[in-house]
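Throughout the sequence shown, residue numbering follows our numbering, covering 938 to 998 in sequence. Ideal Cβ positions, reconstructed from N, Cα and C, are used throughout, including at glycine. Please read the structure below before turning to the comments.
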Amino acid sequence: MELFENKLIADRMLRGLSLHELRLLRNEIYARHGRIFKTTWIQQYFSNQPWYDPKEDFKDE
938 MELFENKLIA
948 DRMLRGLSLH
958 ELRLLRNEIY
968 ARHGRIFKTT
978 WIQQYFSNQP
988 WYDPKEDFKD
998 E
């Protein structure tokens, strides 16, 4: 999903994505700030990204 890094995303760009891809895209925003995910498959996905740096002190604010 790094395709969308630091870019505005137009509706037309989202139309072809699956629900799975949309969920990852939404959560990438949190992952880039270090969120640790409770959902196992999402945590595993981001743990495999070279840029992901989980932070124990991450807060949803």
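Nearest to Glu-998 by alpha-carbon distance, out of Ile-966, Asp-990, His-957, is Ile-966. Our two residues, Ser-955 and Asp-990, have alpha carbons roughly 26 Å apart in a direct line.
Assigned with DSSP and collapsed to three states, Ser-984 falls in helix. Taking C-beta atoms as the reference points, Phe-995 and Ile-979 fail to come closer than 8 Å.
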